[in-house]
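Below: one structure, written as structure tokens.
In the working numbering, the protein residues as written are 190 to 501.
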């Protein structure tokens, strides 16, 4: 009996040592996976749609065609929609847009544009109710995707980022590792189209932002927002009688590639950008620049698109 007890105790001790080793190995493996998600990014593709303008003529048919085409492409991991979802911010148009977008076979992430806010019956409340927020965060592979609202309720076509959203963005970025790649999405260009654009770019420049995606202009264009790389995408609407369309983004280890997709199903590459390791960024603390060598011929009040003046 004594021998059996000794053998049992020895077995328990051995089993405990084995489990302890397993737990340490498991913990090490978890840490390895966590760090590997930063070190070993996997390429991925996503659909980028913008300026849907549901409520305008044939906009719903164009969007449905885009959704059906995306559903045929198995390589698409998710979709991002960057504003002007509706033509005039009406609740029924936003609900119609959601019904169509919900037909996507992959997750989608969405932000409003000025057309969703400046005429909104609800002060843009319906948008946030339908999609649970007017901004988004997505962690995918080694990439953090962040979308932010630049629309202003009941006021103009210009853009503004609310103080609470700037605080939210700055707080979010404070938790992000410096090496993590970031793709940033807004509706307006981060230039004179947004009165406090520099407050956004000052935050973005703190981290590893690889590209700023914007809508608003209904065309494929390349931008430079105070030395931060930017790109504008075409509208989903049929352009000049040609075709509905959207952008397929191919995120590779060292570059981003942009393809226009229309009803001919061809992948038409229109832009590519290498992922820079560092950007020589200049901090900006005001748009009130004085040029004493020139006479002012015209000026614009940048506060005019705001519900209330900006305070700092």
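Cβ coordinates follow ideal geometry from the N, Cα and C atoms, glycine included.
For residue 293, the CB contacts under 7 Å within the same chain, skipping 5 residues up- and downstream, are 256, 259, 260, 268 in chain order. DSSP, read as helix, strand or coil, puts residue 455 in coil. For residue 426, the CB contacts under 8 Å within the same chain, skipping 5 residues up- and downstream, are 240, 241, 242, 245, 247, 248, 251, 407, 433 in chain order. In the three-state reduction of the DSSP assignment, residue 379 falls in the coil class, being assigned neither a helical nor a strand state.
For residue 232 against residue 441, the beta-carbon gap comes to about 5 Å, under 8 Å, which counts as contact. DSSP places residue 317 inside the alpha helix (DSSP H), whose first and last residues are 314-320.
Following the DSSP letters along the chain, one finds residue 384 in no beta strand (DSSP E), marked with neither H nor E. Within the same chain, 234, 235, 236, 259, 295, 437 come within 8 Å of residue 265 by CB-CB distance, once the 5 residues on both sides are set aside. Straight-line spacing of the CA atoms in residue 253 and residue 469 works out to 42 Å.
With the rule of 3 Cβ pairs closer than 8 Å, the stretch 312-330 does not count as touching the stretch 386-398. Following the DSSP letters along the chain, one finds residue 418 inside the beta strand (DSSP E) bounded by residues 417-421. Taking 9 Å as the cut-off, the Cβ atoms of residue 322 and residue 313 do not count as close. Collapsing the DSSP output to three states places residue 334 in a strand. Residue 461 has its alpha-carbon roughly 31 Å from the corresponding atom of residue 287. For residue 339, the three-state secondary structure derived from DSSP is coil. By the C-beta criterion, the stretch 327-347 is judged to be in contact with the stretch 356-374, since at least 3 inter-stretch pairs fall below 8 Å. If you draw a straight line from the Cα of residue 463 to the Cα of residue 443, it is about 6 Å long. The beta carbon of residue 412 lies closer than 6 Å to those of 419 in the same chain, with the five residues before and after it left out.
Looking at 453, 446, 389, 378, the one whose alpha-carbon comes closest to that of residue 302 is 378. With contacts defined by Cβ atoms closer than 9 Å, residue 271 and residue 349 do not form a contacting pair. Sequence-distant partners of residue 405 (beyond 5 residues in either direction) whose C-beta falls short of 6 Å from its own C-beta, in its chain, are 376, 377. In the structure shown, the three-state DSSP call for residue 368 is coil. Distance check between residue 345 and each of 399, 388, 373, 277 places 277 closest, using alpha-carbon atoms only. Cβ atoms of residue 300 and residue 329 stay farther apart than 8 Å, at about 17 Å.
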